[in-house]
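Engineer: Questions regarding the structure given below will be posed in turn.
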Amino acid sequence: MDATTVLADVNGHLAAVGYGLAAIGPAIGVGIVVGKTIEGVARQPELAGRLQVLMWIGIAFTEALAFVGIAVGFIPFP
């Protein structure tokens with residue numbers, strides 16, 4: 001086993017750990033968005049439809065962070 005193989009193996013594991021850490025932020029964000037939507041519907045039930053649409057938009061923007069996190073794992077470093 002040469003140094004190049006060891007380095008490639010370590011970089012692969014670091015990418016997996018990095019994506020795991022990058023997924024924590026969007027998970028917390030989605031939880032907050034859904035929780036606040038439920039709270040808003042409890043306070044104003046007549047706005048449930050509008051709040052649900054805004055919730056899905058917020059989830060989409062939050063999940064975009066997860067896609068950025070997974071893409072960074074595929075970027076080759078010199």
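Numbers 1 to 78, taken from full-length UniProt numbering, label the letters of the sequence shown in order.
Where a beta carbon is used, it is the ideal one built from N, C-alpha and C, also for glycine.
Report all residues from its chain with a CB closer than 6 Å to the CB of residue 37; omit the five preceding and five following residues, and keep chain order.
Structural biologist: Hits under 6 Å: 51 and 55.
Engineer: Residue 52 by DSSP, collapsed to three states: which one?
Structural biologist: It is helical.
Engineer: For residue 61, which of helix, strand or coil comes out of DSSP?
Structural biologist: Correct three-state label for residue 61: helix.
Engineer: From 20, 25 and 44, pick the residue whose C-alpha is nearest to that of residue 65; which is it?
Structural biologist: Minimum Cα distance to residue 65 is reached at 25.
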